[in-house]
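Student:
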C-alpha cells in the first residue's frame, strides 16, 4: 500500500499537544468510579425505599399483577382473582352415580397471605446483588410466581367418607340371616368398599391441574359364599328361643346381677362366620366375640372387688392381733374365659350360665397373726391437738382418721394417704369447715383433714420411715403448733397437707416388718399409733426455727351485704410469714439410713374482716374486733 504523505508528515511532525499529568487523570477516574459506585449503591436503596411495604413492579402471581400493592392488598386481590377453589367443579363418579363438589369443599384452599408474602419478598432476599438482580428482572421482564394452594387431605377424606357411607355395602352370606328374632333365608349381597385412600390420591392429582375434572372412584367388591345352612339356621333359632341369663356363681347378698339378655338383643349379637372344613367351608353360628366382649366389659366393673387386708388392733395385754375388720377377697371377671364358656353352653342349649370369676386373696388375711406379720410392739405414737376447732372440723378429723384405724402397711410398701382416704365430699359424710384456698381461708368440704395428714407425717417422721412425698401449708396454721397446755413454735415446718388426688402424703415402710396403724380421737386430740417391730433405728432432728420472719400486711376490710349494719366479723387471722428448715437423720447401728432436709416457706397472712353495709370501720383497726 502506498504511503500517505500527509499522514507520514503528521507522524513525523506531530502538532503540539497539552498533556495532563498522570496523577490528575487517575484522580479523575477514581472520583468518577466513586460517584458511579455511590450511584449504584444509592439507586437500589432509593428504589427499595420507594417501594417500602409494597411489592416491586413486575411481580405477578398466575397472571395477577401485584405491582405496588401492600401484602394485605395483594392477598385481597389474589383471593378475588384466583377463585378456583370456590368456582371449580370436581365430579366424583361411581358407575351412574355422580357427586359434585367445589375444590374448597374437598379441602383445597388458597394461602393468599403466604403467596402475597412470597411476592413481597421477591427482590428482598439474598445479598445485595441478588436483590438488585431480582428487582431488575421483575422491572424489565416481569416475574410470575406460582400461588400457594393448601390441600387439606383431612377435609377430602371426610367428604369421601360421606360418599363411602352411601356406596359401601357389607357382605351378606346367602340364605342365612336374622330378621328380628326370626332366622330366615335371604339372598346374598356383594360386599362393596370404596377405596378412600385411592380416591384421595386421584383427587390430589386432579386438583394440581387447577381445572375442573372427573375423579373415578375405585370400588372393591367381594362376592358372598353360597352354602347349605339348614343345620346352622336351626341352631340359630334354638339360641334365640329364650333369654340368656348370666349370673355370679354362688352369689352372695349384695352381689350384682343376674343379667338377662333378651332374644331381640341376642339376635343383634349373633355372629355367622365362614370357617374352613374338610369339605370346603361352612357357616359357624355363635355370639359375636366382639359384641359379647363389649357387653362383658360393661358388666365387669360392677363385679370388681379390690382385695383388702384384714384390719386389726394390737392387744397391748396379749401382744396379739384382734380382728377389727375382715379381709376382702379380691374378685374380677375373667372376660375371655367367660366369653368362651357362654358360647359353648349356649350352643349346647343352655340359657342360664355362670360367669367365670378370678379371686385374689390379700396379703394379710383374717388368720394373720402378730408373729407372722412381725408386729410385736408400739414403735411410735404421735399426738396432735386442735383446741378451739369448730364442730364441723372435729367431725371431719374424726371421719378422716377412722379410715386409717387398723390399716396394715406391708414391708417395702409405699403408703399413700390419698388412696386410703378416698373421696372427701358431702356425700361421704364430710362437713364444710375452714380450708386454705389460694390466698384466702374459706369454708370448704373437708376442712380439718390436714390435721390428720399432719399427724401421720409426724408419726412417720419421728418413727424414722422414709418420707416419699410431703407438702406444707401456705401459711402457719395455729392448730399444728399446739402442744398440751400451749403452743410450740418449734413444730413449725412439721405440717403436711393433703388435697386428693393432686396433693398427697406418702411414706415407705422400709423395714422388714409389717406396720399396723391405729388412730384415736379424744376431745381435742388425735393420737396416731405405729405398731411393728423396731429394727434398732433412731431419729435425730433439728429445726432452724423461724427465719426470715415477715409481718403480714395491714388488715383488709371487705363489705359483706349479708351482714347487718354495725357488724364486723373476722374471717381470716394474721400470722407472720417465715422460713423453716427441719433436718432429720435416721441411723441404725451407726449407719445413716435417711438424711432429710424439709424446707418450708410460709407466706405472711393478713387478717381479713367483713362488715355490713353502712358500718363504720374503726380507725385504727382493732386487733380483735367483736
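Residue numbers (the numbering used here): 88 to 713. In this text, a Cβ means the ideal position worked out from N, Cα and C, and glycines have one as well.
1) Which same chain residues, not among the five before or five after residue 556, have their C-beta less than 7 Å away from its C-beta?
2) How about residue 345 and residue 332: are their beta carbons less than 8 Å apart?
3) Beta-carbon separation of residue 406 and residue 468 under 8 Å?
4) Please confirm whether residue 230 and residue 135 have their CB atoms less than 8 Å apart.
5) Under the rule that 16 or more other beta-carbon atoms within 10 Å means buried, what is residue 176, buried or exposed?
6) Rounded to the nearest angstrom, what separates residue 102 and residue 112 at their Cα positions?
7) Are at least three pairs of beta-carbons, each pair with one atom in the segment 695-707 and one in the segment 643-652, less than 8 Å apart?
8) Quick check: the segment 532-547 against the segment 556-575, are there 3 or more CB pairs under 8 Å?
9) Any idea which residues DSSP pairs residue 615 with across the strands?
10) Do residue 384 and residue 422 have their C-beta atoms closer together than 8 Å?
11) Going by the beta-carbon positions, is the gap between residue 211 and residue 218 smaller than 8 Å?
12) Using a Cβ-Cβ cutoff of less than 7 Å, which residues in the same chain neighbour residue 191 once the five nearest sequence positions on both sides are dropped?
13) Using only the alpha-carbon positions, how far apart do residue 244 and residue 279 sit?
14) When DSSP labels each residue in this structure, what does residue 135 get in the three-state scheme?
15) Would you list the one or two residues that DSSP bridges to residue 719?
16) Let me know if residue 237 comes out buried or exposed under the rule of 16 or more other beta-carbons within 10 Å of its beta-carbon.
17) Which partner residues of residue 147 appear in the DSSP bridge assignment?
18) Can you list the beta strand (DSSP E) stretches of 3 or more residues lying completely in the segment 269-346, in chain order?
19) Out of curiosity, what's the CA-to-CA distance linking residue 325 and residue 310?
20) Judging by CA-CA distance, which residue of 471, 611 and 353 is the nearest neighbour of residue 438?
21) Run through the DSSP bridge pairs and tell me what residue 554 is partnered with.
22) Can you check the segment 625-675 for any alpha helix (DSSP H) of at least 4 residues that lies completely inside it and give the ranges in chain order?
23) Just confirm the distance between the C-beta atoms of residue 390 and residue 425, as a whole number of angstroms; I'd bet it's less than 8 Å.
24) Ordered along the chain, which non-local residues of its own chain (more than five positions away) have a Cβ less than 7 Å from that of residue 69?
25) According to DSSP, what are the bridge partners of residue 686?
26) Can you tell me the Cα-Cα spacing of residue 99 and residue 214, whole angstroms?
27) Can the beta-carbon of residue 50 be found closer than 8 Å to that of residue 204?
28) Quick one: which unbroken beta strand (DSSP E) runs of 3-plus residues sit fully inside the segment 163-235? Chain order, please.
29) Is it right to say residue 581 is buried, meaning 16 or more other beta carbons lie within 10 angstroms of its own, or is it exposed?
30) Would residue 414 and residue 451 qualify as a contact pair, given that the criterion is a beta-carbon distance under 8 Å?
31) Under 8 Å, with one C-beta from each stretch per pair, do the segment 668-686 and the segment 626-642 reach the 3-pair mark?
32) Report the option in 635, 648, 503 and 642 whose CA atom is closest to the CA atom of residue 589.
33) For a test of the three-state rule: what should DSSP assign to residue 681, helix, strand or coil?
34) Quick one: what does DSSP say residue 489 is sitting in, helix, strand or coil?
35) Using the three-state DSSP reduction, which class does residue 418 fall into: helix, strand or coil?
36) Under a three-way DSSP split, which group does residue 358 fall into?
Tutor: Reading it off the structure:
1) Translated into the one-based positions of the chain shown, residue 556 becomes position 469. Around residue 556: 591, 592 and 593.
2) For this step, residue 345 is matched to residue 258 along the chain shown. For this step, residue 332 is matched to residue 245 along the chain shown. Closer than 8 Å, so yes.
3) The residue given as residue 406 occupies position 319 in the chain shown. The residue given as residue 468 occupies position 381 in the chain shown. At least 8 Å separates the beta-carbon of residue 406 from that of residue 468.
4) Working through the chain shown from its first residue, we reach residue 230 at position 143. Working through the chain shown from its first residue, we reach residue 135 at position 48. Against a cut-off of 8 Å, the Cβ pair of residue 135 and residue 230 comes out as no contact.
5) Start at 1 with the first residue of the chain shown, and residue 176 comes out as number 89. By the 10 Å Cβ count, residue 176 comes out exposed.
6) To locate residue 102, count along the chain shown from 1; it is residue 15. To locate residue 112, count along the chain shown from 1; it is residue 25. Interpretation of residue 102 is limited by its pLDDT of 49, a score under 50 that renders its predicted location unreliable; the figure taken from the coordinates is listed afterwards. Here the alpha carbons of residue 112 and residue 102 stand approximately 22 Å from one another.
7) yes
8) Enough Cβ pairs lie closer than 8 Å, so yes.
9) Looking up residue 615 in the chain shown gives position 528. In DSSP, residue 615 forms a bridge with 469 and 606.
10) As a first step, residue 384 must be located in the chain shown, where it is residue number 297. As a first step, residue 422 must be located in the chain shown, where it is residue number 335. Cβ distance < 8 Å, so residue 384 and residue 422 count as in contact.
11) Within the chain shown, the letter at position 124 stands for residue 211. Within the chain shown, the letter at position 131 stands for residue 218. Yes; because the gap between Cβ atoms is below 8 Å, this pair is in contact.
12) Numbered from 1 along the chain shown, position 104 holds the residue referred to as residue 191. For residue 191, where only same-chain residues beyond five positions count, the Cβ hits under 7 Å are 172 and 173.
13) As a position in the chain shown, residue 244 is number 157, starting the count at 1. As a position in the chain shown, residue 279 is number 192, starting the count at 1. For residue 244 and residue 279, the distance between alpha carbons rounds to 18 Å.
14) Numbered from 1 along the chain shown, position 48 holds the residue referred to as residue 135. DSSP places residue 135 in helix when its eight states are reduced to three.
15) Absent from the model: residue 719. The displayed extent of the chain is 88 to 713, so no value can be given.
16) Counting from one through the chain shown, the residue named residue 237 turns up at place 150. So residue 237 ends up on the exposed side.
17) Locating residue 147 in the chain shown gives position 60, where the first residue counts as 1. The bridge partners DSSP lists for residue 147 are 152 and 231.
18) 269-271, 278-281, 300-303, 306-309 and 331-334
19) The sequence position of residue 325 within the chain shown is 238, counting from 1. The sequence position of residue 310 within the chain shown is 223, counting from 1. Approximately 29 Å, taken between the alpha carbons.
20) Taking the chain shown and counting its residues from 1, the one referred to as residue 438 is at position 351. In this structure, 353 is the residue among 471, 611 and 353 with its C-alpha nearest to the C-alpha of residue 438.
21) Here the question's residue 554 lines up with position 467 in the chain shown. In the DSSP output, where bridge partners are listed per residue, residue 554 has 594.
22) none
23) To locate residue 390, count along the chain shown from 1; it is residue 303. To locate residue 425, count along the chain shown from 1; it is residue 338. That belief does not hold up - the Cβ atoms of residue 390 and residue 425 are roughly 10 Å apart, past 8 Å.
24) In the structure displayed, the chain extends from 88 to 713; residue 69 sits before or after that span and is not available.
25) Position 599 of the chain shown, counted from the start, is the residue given in the question as residue 686. Bridge partners of residue 686: 668.
26) On the chain shown, residue 99 is found 12 positions in, with the first residue counted as 1. On the chain shown, residue 214 is found 127 positions in, with the first residue counted as 1. Its pLDDT being 41, under 50, residue 99 is placed unreliably in this model, and the value from its coordinates should be taken loosely. The C-alpha of residue 99 lies about 56 Å from the C-alpha of residue 214.
27) Because the chain in this structure spans residues 88 to 713, residue 50 falls outside the shown range and cannot be described.
28) 177-181, 184-188, 195-197 and 230-232
29) One-based indexing of the chain shown puts residue 581 at position 494. Flag for residue 581 reads buried.
30) Taking the chain shown and counting its residues from 1, the one referred to as residue 414 is at position 327. Taking the chain shown and counting its residues from 1, the one referred to as residue 451 is at position 364. Yes, these two residues count as a Cβ contact at 8 Å.
31) yes
32) Here residue 589 refers to the residue found at position 502 of the chain shown. Of 635, 648, 503 and 642, the residue nearest in Cα terms is 503.
33) Counting from one through the chain shown, the residue named residue 681 turns up at place 594. Correct three-state label for residue 681: strand.
34) Locating residue 489 in the chain shown gives position 402, where the first residue counts as 1. In the structure shown, residue 489 sits in a helix (DSSP, three-state: H, G or I).
35) By 1-based counting over the chain shown, the position of residue 418 is 331. Strand, per DSSP.
36) Looking up residue 358 in the chain shown gives position 271. The answer is strand: DSSP assigns residue 358 an E or B state.
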